[in-house]
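Contents: one structure, followed by commentary.
Residue numbers (the working numbering): 1 to 87.
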């Protein structure tokens with residue numbers, strides 16, 4: 001099998017975005033680490049997988065879309081109102 005990761009709004013920070021899994025492969029997992037490109041907006045990733053046998057490529061299948069949400073940041077503090085003792 002060959003596979004390709006299709007991303008939108010995310011950056012791959014670990015792993016690779018495509019590869020080949022053969023009968024002799026010792027692993028059949030796809031290991032990616034991604035972060036959102038914009039810390040305020042979710043991104044997406046999906047995979048296209050094609051079978052390959054004797055040099056012939058079969059139909060390409062697409063996975064479902066996975067939404068990658070940004071990590072929550074520090075909360076925005078409320079403005080502090082100064083209160084004077086005379087008021």
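For every residue, glycine included, the Cβ atom is placed at its ideal position computed from N, Cα and C.
Would you say residue 12 and residue 32 are within 8 Å of each other, going by their C-beta atoms? Going by C-beta atoms, residue 12 is nearer than 8 Å to residue 32.
Quickly, what does DSSP pair residue 9 with across the bridge? List them, please. Partner(s): none; residue 9 has no beta bridge.
Suppose you measure from the CA of residue 4 to the CA of residue 82; what does that come to, to the nearest Å? A direct Cα-Cα distance of roughly 56 Å separates residue 4 from residue 82.
Between which residues of its own chain and residue 1 is the CB-CB distance below 6 Å, once the five residues before and five after are set aside? Apart from sequence neighbours up to five positions away, the residues of its chain that approach residue 1 with a beta-carbon distance below 6 Å are 21, 49 and 51, ordered along the chain.
Going by beta carbon distance, what residues of the same chain come within less than 6 Å of residue 17, once the five residues before and after it are set aside? Within the same chain, residue 17 has close Cβ partners 5.
Determine the extent of the beta strand (DSSP E) in which residue 51 is found, giving its start and end residues. Its beta strand (DSSP E) spans residues 43-53.
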